[in-house]
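With this note's numbering, letter number 35 in the sequence shown gets 115, and the count goes up by one each step, no holes. Note that CB positions come from ideal geometry on N, CA and C, so glycine has one too. Just so it is clear, the structure is predicted and the values come from calculations on it, not from any experiment. What follows is a set of notes on a single structure, which appears directly below.
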Amino acid sequence: MTYREMYSYLVEDAKEAGVTVKLVSSGILLDYAGMNSEAAEEIGFKMPCDTIYIKKSLSWKSRYHTLNHEMVEMGCMEGGRRYWPAHRKALGLERSGVVGSKILN
């Protein structure tokens with residue numbers, strides 16, 4: 081399976097969980113590769129609720145890994161974690177191969 085296909089499956093999983101995934105220009109995200117609305121709210125970044133932004137200039141592989149990270153992080157934050165602990169948890173789960181859709185659903 082290609083990273084483009086894997087990314088598409090994650091987008092569908094997010095949609096089923098009520099989360100919109102949008103590809104945006106790098107100017108919107110500043111130095112971030114991606115951002116979810118839970119993290120955005122905590123750090124003062126303005127974006128719609130239940131949304132994940134992914135930098136559209138990323139390769140399919142990077143889009144997949146970034147979306148996976150954002151989904152895991154968002155799920156952790158919806159479960160009550162603050163941004164930095166959720167971010168660290170997402171990084172750790174990525175290393176163990178957890179896919180974000182398992183966290184959101």
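Looking at the backbone, the Cα of Ala170 and that of Cys156 are separated by about 8 Å. Nearest in C-alpha terms to Arg143, of all of Glu96, Gly98, Ser105, Ala97, is Ser105. Per DSSP, the unbroken alpha helix (DSSP H) holding Thr146 starts and ends at 140–158. Fewer than three pairs of CB atoms, one per stretch, sit closer than 8 Å, so the segment 130–138 makes no contact with the segment 161–177. With respect to the 9 Å criterion, Asn116 and Met86 are not classified as neighbours on the basis of their beta carbons.
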